[in-house]
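Protein chains in written order, with the numbering used here: chain A, 1 to 262; chain B, 1 to 305.
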Amino acid sequence: MQVWQAALIALFCYLGALTTPWLVGTTGGWYVLTRPLVAGFLCGLVLGDVTTGVLTGIAVQAVFIGLITPGGAVPSDLSFVSYLGIPLALIAHAKPEVAVSLSVGFGVIGVAAWQLLSVGNAAWAHLCDRFAEEGDLAGIIRVNYLAQIGTFVLRGIVPFLVLLLGSGFAQSFIVFLNNQVPWLVTYLSLLGGALPAVGIAILLLQIAPSARLIVWFLLGWVMVVYLKVPTVGVAVIGALVAIIYYWFFSRMETENVEARNV
Amino acid sequence: MSDTMIERPDDMAGGPTPPTNERTLTRGDLNRAWWIWTFFNLSAFSMERMQAPAFVYMMSPILKRLYSNDPEEIKGALKRHMVFFNTEPQTGVIAHGVTAALEQQRANGSPINDEMINSVKAGIMGPMAGIGDSMIPGTLIPILLAIGMGISQGNGSPIGPLFYIFAYPAIILLLSYYLFMFGYRYGMTSMRELAESGFRRITSSFAVLGLIVAGAIGASIITLKTPLAYTSGKLTVSVQGTLDKIFPQLLPLLLVIFLWYGMRRRGWTINRALLMTLVIVLIGYLPGLIGAIFGIGWLQAFRIF
């Protein structure tokens, strides 16, 4: 990997980090730039193979599609998944399924990095307390910018070094895997195909407040497997069903109210 | 916490301030506050105070307008808003709008104290964190991602990612801005208004859409096939072929249901679910693994996956 490529990808990693404000806060950063779908596209662009980048991004995205970060508790660190796992896999010409396994590994490492930052940042909050004591509003505003130092080191400088020093290693590692232990590659590919099930299960867990609602999930599933409806088509049909559900739900509620009043 | 109450008895005794001195937030103040929050909501995030520094930054145009000539009031407001704050950053802004409304009423002489402002903030940030997380990263984002993935799946075209890059911010910024202003307008009663206007119906309809799309993504993205086959006489029948005739993508569905059940009923963590997938695939691949290591070809026939 060229120095400029590593620098550019590390810059994406920083700009897309959970705590970076510059791209319209979490909206443009964490929820757009750091989604593996987008990261795959951008890494592909930088590394000169958009098609493979997008395909790898889609494969990795499937695992993390239901990822929510409630109260800052990150179950898997998307920054490193997207901007270490994906580019290193692309450089090494790994299959998308192998890239998935690789990215999941980086995600686990990244969680430790995130915890370090979010605990260490408490020092900034204490500084804010002092400014509040003095009635120094400008001081607190300044802290919102100064706190970027930690994020920049963790999400910019560290990934830059890993990408620069690690890309040669990643490449020879994948070559070694392919030649010496092909059964491991087969296992990783199988795993990469199955791991999205975790992402879908998490999503299911979060959207469905009651187990009965799982029939809607099955409806989406069978539309694809039996009727071969493309995903976009399912989304359109789903929107129509949701509207019908909304009407039905409101009628049911009014009837309930009327029944109670009688 | 009630020291601000003691500090301003003369204000309280004076009753409502005459309208000539009324301090009103302008549209510009509110716009600025919303923009500041939208950019900086997590920039100084820490586990201890979470979004509090950003909340104070967001309040800066509001405090400057309301308490510009009163350093003591500014100091009190800074302390008041440096307490723990955490919500879903994009939809939780109802709390910010309401807070702005409360501060404005307070600046104009309403007897609103620190506890009241903070309990209203906390009362909204909690539910909005839950609702926001399940509506935005839980439903809207997966739907948009699924559409993007659907567009580019197989061909690797950049249209899918580009669709997501433009669609998500456009939808969420409009929604977030609306919710902020909504919070400001309805002040204290905003959550009740929401409940009355059929919010629950909207969220459950959203859940239906999300679930249908989740099913579609699952069916098209998970790969789990079995190479098993059985021979009767001259006829060799592949198990996968039979399954595909009855219910295509059955194995992935069973895996999803199994993991979902484990997390829902057995309280598995996400890492536990990942580990289970690792183990299940490993067990299914074990005969192939042993066969490859020890060079026993016939064992391959017993691979489950």
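Beta carbons are placed, not taken as given, at the ideal position from N, Cα and C, and that holds for glycine. Just so we're clear, the structure is a prediction, and the values are computed from it rather than from any experiment.
Mark residue i as exposed unless 16 or more other C-beta atoms lie within 10 angstroms of its C-beta, in which case mark it buried.
i	result
A/V119	exposed
A/N144	buried
B/L66	buried
A/H126	exposed
B/A292	buried
B/G154	exposed
B/L144	buried
B/E115	exposed
A/Q180	exposed
A/H93	exposed
B/E88	buried
B/R80	buried
B/S190	Here B/S190 scores only 48 on pLDDT, less than 50, and its place in the model should not be relied on; the value that follows carries that caveat. B/S190 should be labelled buried.
B/T242	exposed
B/S205	buried
A/T34	buried
B/A146	buried
Pick helix, strand or coil for residue i, following the three-state DSSP scheme.
i	result
B/T269	coil
B/F85	strand
A/A147	coil
B/M47	coil
A/A92	coil
A/S210	coil
B/T24	coil
A/A17	coil
B/Q104	helix
A/F106	helix
A/Y226	coil
B/S190	For B/S190, the pLDDT reaches just 48, beneath the cut-off of 50, and the residue's location in the model is therefore unreliable, leaving the point undetermined.
B/P287	helix
B/N155	coil
Beta carbon of residue i: closer than 7 Å to some heavy atom of the ligand ZN?
i	result
A/W30	Among the components modelled here there is no ligand, and therefore nothing to report on the ligand ZN.
In chain B, which residues lie less than 7 Å from residue i when you measure between Cβ atoms?
i	result
A/S148	The amino acid occupying residue 148 of chain A in the given sequence is Gln; Ser does not appear at that position. Near A/Q148 (Cβ distances below 7 Å), the residues of chain B are S43.
A/Y245	S205, V208
A/T19	L42, S43, F45
A/V234	I212, V213, A216
A/V143	A44, P53
A/I140	P53, V56, Y57, L78
What residues of chain B sit near residue i, judged by a beta carbon separation below 8 Å?
i	result
A/Y187	V281, L282, Y285, L289
A/S103	Result: empty, since nearest Cβ-Cβ is about 12 Å, beyond 8 Å.
A/P230	G150
I want to verify the contact list: residues of chain A whose CB lies under 9 Å from the CB of residue i, in sequence order.
i	result
B/Q90	G25, T26, T27, Y31
B/S134	I68, Q206, I207, P209
Check for me: the beta strand (DSSP E) holding residue i runs from which residue to which?
i	result
B/L235	235 to 238
B/A229	229 to 232
At a CB-CB cut-off below 7 Å, which residues of chain A make contact with residue i?
i	result
B/K234	Here the premise fails: no neighbours, minimum Cβ distance about 30 Å.
B/K307	Absent from the structure is residue 307 of chain B, since the part of chain B shown begins at 1 and ends at 305.
B/W260	A201, L204, L205
B/E48	A122, A125
B/Q355	The structure shown does not extend to residue 355 of chain B, since chain B is modelled only from 1 to 305, so the question has no answer here.
Which chain A residues are close to residue i, counting only those with a beta carbon under 8 Å from its beta carbon?
i	result
B/V256	A197, I200, A201, L204
B/V83	Chain A residues near B/V83: none, gap ~10 Å exceeds 8 Å.
B/M263	A201, I202, L205
B/A52	A125, C128
B/S302	The residue asked about is misnamed: residue 302 of chain B is Phe in this sequence, not Ser. Neighbours of B/F302 on chain A: none; closest Cβ ~15 Å, over 8 Å.
Cβ closer than 9 Å: which chain B residues qualify as neighbours of residue i?
i	result
A/Q61	L145, G148, M149, I221
A/W216	A207, V208, L209, G210, L211, I212, A214, G215
A/R155	Within 9 Å Cβ-Cβ: nothing; A/R155 doesn't reach chain B, min ~12 Å.
A/S76	I270, N271, L274
A/F12	Neighbours of A/F12 on chain B: none; closest Cβ ~12 Å, over 9 Å.
Start and end of the alpha helix (DSSP H) containing residue i?
i	result
A/L37	36 to 47
B/R306	Any answer about residue 306 of chain B is impossible in this case: the structure gives chain B only from 1 up to 305.
A/I174	158 to 180
B/G132	114 to 135
A/A59	50 to 63
A/W124	122 to 134
B/P53	52 to 67
B/L144	141 to 152
A/T26	25 to 28
Contact residues within the stretch 118 to 129 of chain A, judged by C-beta distance below 7 Å to chain B | When C-beta distances to chain B are compared with 7 Å, the residues of the stretch 118 to 129 of chain A below that value are S118, V119, N121, A122, W124, A125, C128, D129, in chain order.
Contact set between the stretch 169 to 185 of chain B and chain A, restricted to residues whose Cβ is under 7 Å from the partner = Along the stretch 169 to 185 of chain B, going in chain order, the ones with a CB nearer than 7 Å to a CB of chain A are P169, I172, L173.
Which residues, taken in chain order from the stretch 199 to 213 of chain A, show a beta carbon closer than 9 Å to some beta carbon of chain B?
-> Taking 9 Å as the upper bound on Cβ-Cβ separation, chain B lies near residues G199, I200, A201, I202, L203, L204, L205, Q206, I207, A208, P209, A211, L213 of the stretch 199 to 213 of chain A.
Contacting positions in the stretch 137 to 150 of chain B - beta carbon closer than 8 Å to chain A = Result list: P137, G138, T139, I141, P142, I143, L145, A146, I147, G148, M149, G150.
Please list the residues of the stretch 210 to 231 of chain B that have a C-beta atom closer than 7 Å to any C-beta atom in chain A, keeping them in chain order.
-> Hits within the stretch, in order: G210, L211, I212, V213, A214, G215, A216, I217, G218, A219, S220, I221, I222, T223, L224.
Which residues, in chain order, does the stretch 96 to 117 of chain B contribute to contact with chain A at a C-beta distance below 8 Å?
-> Within the stretch 96 to 117 of chain B, no residue qualifies.
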